[in-house]
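Presented below is the structure to which this report refers.
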Amino acid sequence: MQPVVLLISLILMAVLSLVFWRAARASNGAEAGPNANSKRAGLIWAMTIVGVIVAVGSLRPWPHALASTDDAITVSITSGQWWWDIDTVEIPVGTPINFSATTEDVTHGLGIYTSDLRLLTQVQVIPGYTTEVSYTFDEPGTYQVLCMEFCGVAHQDMVNEFEVVAVED
Ligand SMILES: [Cu+2]
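Have a look at this one:
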């Protein structure tokens, strides 16, 4: 993914440089033509519309909504320098989980990862607030909780885990 992002960034930077270079050349001693203002206004509107479409399109899966179904379970996670305390260590598979996170000191980043450290979901944990994020686990296993916000000298030791278990009815 990162090489693709780098390539796209380089291409867009090259395009932008070309636009600047052409604008600088065109403005050399030239007066703005009679249509310059309406062209500029049209360009600004076009860029605004493209910007809104890109912003809305890329933010569509809003991460904020909590699972509001009746079978959702709340798991409380408290944190501090440099620990996570999880009040439930066995979480049922296939059930919406509303993680409710607080911190006793500084800002931490609650990141929930698979055992091979693939990020599943995350939320910022802010002093004085309870932040929540919802996730439904598809597979049983051991899941890692890591801090995603540099929070001091032992930030990298801020690790805990919980089990997602199959349920029998
Ligand atoms: Cu932290």
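First residue of the sequence shown? That's 18 in my numbering, and the numbers climb one at a time after it. Cβ atoms here follow ideal geometry from the backbone N, Cα and C, with glycine treated the same way.
Would you mind giving the Cβ-Cβ distance between residue i and residue j, rounded to the nearest angstrom? I have them listed as a contact below 8 angstroms.
{"i": "residue 169", "j": "residue 99", "result": "7 angstroms"}
{"i": "residue 104", "j": "residue 92", "result": "6 angstroms"}
{"i": "residue 176", "j": "residue 162", "result": "7 angstroms"}
{"i": "residue 154", "j": "residue 110", "result": "5 angstroms"}
{"i": "residue 143", "j": "residue 114", "result": "With a Cβ gap of about 20 angstroms, residue 143 and residue 114 do not count as contacting."}
Specify the secondary structure class of residue i as computed by DSSP and reduced to three states.
{"i": "residue 99", "result": "coil"}
{"i": "residue 145", "result": "coil"}
{"i": "residue 118", "result": "strand"}
{"i": "residue 60", "result": "helix"}
{"i": "residue 131", "result": "coil"}
{"i": "residue 179", "result": "strand"}
{"i": "residue 74", "result": "helix"}
{"i": "residue 110", "result": "coil"}
{"i": "residue 162", "result": "strand"}
{"i": "residue 68", "result": "helix"}
{"i": "residue 170", "result": "coil"}
{"i": "residue 22", "result": "helix"}
{"i": "residue 151", "result": "strand"}
{"i": "residue 92", "result": "strand"}
{"i": "residue 140", "result": "strand"}
Return yes when at least one heavy atom of ligand 2 lies under 7 angstroms from the C-beta of residue i, else no.
{"i": "residue 100", "result": "Because ligand 2 does not appear in the structure shown, any question about it cannot be addressed here, the ligands present being ligand 1."}
Could you check if residue i is buried or exposed, using at least 16 other CB atoms within 10 Å of its CB as the buried criterion?
{"i": "residue 118", "result": "buried"}
{"i": "residue 120", "result": "buried"}
{"i": "residue 28", "result": "exposed"}
{"i": "residue 25", "result": "exposed"}
{"i": "residue 127", "result": "buried"}
{"i": "residue 75", "result": "exposed"}
{"i": "residue 7", "result": "Beyond the ends of the chain as shown, which are 18 and 186, falls residue 7; an answer cannot be given."}
{"i": "residue 116", "result": "buried"}
{"i": "residue 167", "result": "exposed"}
{"i": "residue 37", "result": "exposed"}
{"i": "residue 151", "result": "buried"}
{"i": "residue 66", "result": "exposed"}
{"i": "residue 55", "result": "exposed"}
{"i": "residue 94", "result": "buried"}
Taking CB distances under 8 angstroms as the criterion, tell me whether residue i reaches chain B.
{"i": "residue 88", "result": "Structure shown: chain B not included; a single protein chain is present."}
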